[in-house]
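Residue numbers (our numbering): 1 to 81.
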C-alpha cells in the first residue's frame, strides 16, 4: 500500500491528466450523442415534409388534369354550338 501512495505522491500529475482525459472523453461522447439525436429528429421531420410535398404534388396534378378537362369540355361545347 505504501508503494501505491509513494507512486501517487511522486506522479500526481499523471493521475490528474488521466482524470482530465476521462472527463474530456465523456464530454466528447455526450456531444456526439446529442448531435446524433438532433440529426435523427431532423431526419424524421424531413421525411414528414417530403411526404406532405409528395401528397400535395399529387393533388396539384389531379387539379391540373381537371382544369384541362374543363377547358377542353368548354371549348368543345363552344365549337359544337
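Here a beta-carbon is modelled for each residue, glycine too, at the ideal position from N, C-alpha and C.
Alpha helix (DSSP H) containing residue i: first to last residue?
i          : result
residue 11 : Here residue 11 belongs to no alpha helix (DSSP H), and DSSP marks it neither H nor E.
Residue j and residue i - do their beta-carbons sit closer together than 8 Å?
i          : j         : result
residue 15 : residue 8 : yes
Grab me the residues of residue i's own chain with a C-beta within less than 7 Å of its C-beta, minus the 5 sequence neighbours each way, in chain order.
i          : result
residue 70 : none
residue 6  : none
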